[in-house]
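Q: Quick note, the sequence shown lines up with residues -21 to -1, 1 to 135 if you use mature numbering (1 follows the signal peptide of the UniProt record, and there is no 0). Glycine included, each C-beta is placed from N, C-alpha and C at the ideal position. Quick caveat, the model's predicted, so the values are computed rather than measured.
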Amino acid sequence: MKFSMLVAVSTVLMLSACVTSVPMGNADVSSKAKIFAPPSEGKAGLYVYRSGILGGALKKDIWVDGNCLGTSAPNVFFYIEVDGGKEHTVTTASEFSTNSVPLHTEAGKHYFVRQYIKMGAFVGGANVKQVSEAEGKAEVMKLNMAATGQCLKAHP
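1. Starting from G115 and walking both ways along the alpha helix (DSSP H), at which residues does that stretch end?
2. Compare the Cα-Cα distances from T77 to each of P135, V27, V55 and E66 and report the closest residue.
3. Let me check understanding here. Comparing Cα to Cα, which of A52, S19 and N46 lies closest to G31?
4. Would you check if the distance between the CB atom of A125 and the CB atom of G4 is smaller than 7 Å?
5. Between the beta-carbon of G49 and the beta-carbon of Q129, is there less than 7 Å?
6. Output the distance between the C-alpha atoms of E85 and G103, rounded to the nearest integer angstrom.
7. Spell out the partners DSSP gives D44 in its beta bridges.
Here it is in structure tokens:
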């Protein structure tokens, strides 16, 4: 019995030690972003999130139109407003290069991009994909907002 308890506690400690954290945003701002209020006039709302524990020890930078959005870790999201009526590019750092998804935005709408970790040759890589508003909202509601503007590296 004691051995089983020791194994269980050790497993939990090892798993939690492998989960990386990043600077978090203000809790009030995070709660406000989860209301999904309409964006400012002429703007579109952009949510970029990473859910789940796969690649928990990995931090991956995210850029929007070449500008640092932030560094992700498991179970965080970012929210920014971008110009509506324009094409934008969401890019993530990966194992050897970057991966991107283009978005054509309309003013007044929200867009959701999921960053996910995938198997790599040496370490996990990352990719991004646009998801539906329903899926994005459901995931963002479970996450906490990370601080924006803090990337590990400059956009390549």
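A: So, from the listed chains and residues:
1. Per DSSP, G115 belongs to the alpha helix (DSSP H) from E112 to V119.
2. Distance from the Cα of T77 is smallest, within the candidate group P135, V27, V55 and E66, for P135.
3. Ranking the options by Cα distance to G31, first place goes to A52.
4. A contact, by the Cβ cut-off of 7 Å.
5. Against a cut-off of 7 Å, the Cβ pair of Q129 and G49 comes out as a contact.
6. Taking the straight line joining both Cα atoms gives about 33 Å.
7. BP columns for D44 are empty, so no partner.
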